[in-house]
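*Asks:* If you count the sequence shown from 1, position 55 lands on 55 in our numbering, and the numbers rise without skipping.
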Amino acid sequence: MSSETITTAIFLITAVIAAAVLANAIFPIIYTVSDTAGSTAHAADQRIRTDIKIINTFASGGSADIWLKNIGSARISANEIAGADIFIGAPGNFERVSYGTDWTYTILDGGTDYWTTGKTVHIEIDSAIIPTGTGDTVYFQIVLPGGSVRSTEFTVGG
């Protein structure tokens, strides 16, 4: 009788230890999966809420001026604007230009830290690859770090 009690107690202790080991192995995985899902949902939300529109363009003499409006519900930080990829040139013959050396921006009617909803950004680009002949076609594309992409083609003015 006492040997059965000892055996049952050993099995019970073993089961409790096994359950604790299993819980310690599974809970970190569940936490990681839920954290990843939350991060993915946040990134998708930002991508959906970030939207821009090209509202005006002009090019002449190897430089271009582009005006963009934030039409999304998310504000865009100055670091995100500076981190954008900008491509310009002739259709089929364009290159990525670097912020600070080839292009700069100004947030119009607003602060310098955030491009808020409804505000306009003026981008000025100087690059030898921008077509210079009156009537030539210029290709422009902007890709924000969050994945928003806008592009247009326009003609060089006189």
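C-beta: ideal position from N, C-alpha, C; glycine also.
Pick out whichever of Pro145, Gly135, Val121, Leu12 has its Cα sitting closest to the Cα of Ile71.
*Replies:* Nearest C-alpha to Ile71: Val121.
*Asks:* What span of residues does the beta strand (DSSP E) with Ala59 cover, start to end?
*Replies:* Looking at the DSSP string, the run of the beta strand (DSSP E) that includes Ala59 is 52-60.
*Asks:* What residues are listed by DSSP as bridge partners for Tyr99?
*Replies:* DSSP output for Tyr99 lists Trp103 as bridge partner(s).
*Asks:* Closest to Phe94 by CA distance: which of Phe140, Ser148, Arg150 is it?
*Replies:* Checking every option, the nearest Cα to that of Phe94 belongs to Phe140.
*Asks:* At the level of alpha carbons, what is the spacing between Ala84 and Ala78?
*Replies:* The alpha-carbon atoms of Ala84 and Ala78 are separated by roughly 10 Å.
*Asks:* Does the separation of the CB atoms of Trp103 and Ile76 fall below 7 Å?
*Replies:* Result no, Cβ atoms of Trp103 and Ile76 do not sit closer than 7 Å.
*Asks:* Which residues in the same chain have their Cβ closer than 8 Å to the Cβ of Leu62, if we skip the five residues on either side of it in sequence?
*Replies:* The sequence given here has Gly at residue 62, not Leu. Around Gly62: Asp126, Ser127, Ala128, Ile130, Thr132.
*Asks:* Using CA atoms only, rank isn't needed, just tell me which of Lys119, Gly146, Ala15, Gly157 is closest to Ile55.
*Replies:* Of the listed residues, the one whose Cα sits closest to Ile55 is Lys119.
*Asks:* Tell me where the beta strand (DSSP E) around Ala78 begins and ends.
*Replies:* From DSSP, Ala78 is part of no beta strand (DSSP E) but of the alpha helix (DSSP H) over 78-82.
*Asks:* Taking Gly147 as the reference, give the member of Val21, Glu4, Thr50 with the closest Cα.
*Replies:* Taking only the C-alpha atoms, the option nearest Gly147 is Thr50.
*Asks:* CB-CB under 8 Å to Asp109, same chain, minus the five flanking residues each way: which ones, in chain order?
*Replies:* For Asp109, where only same-chain residues beyond five positions count, the Cβ hits under 8 Å are Lys119, Thr120.
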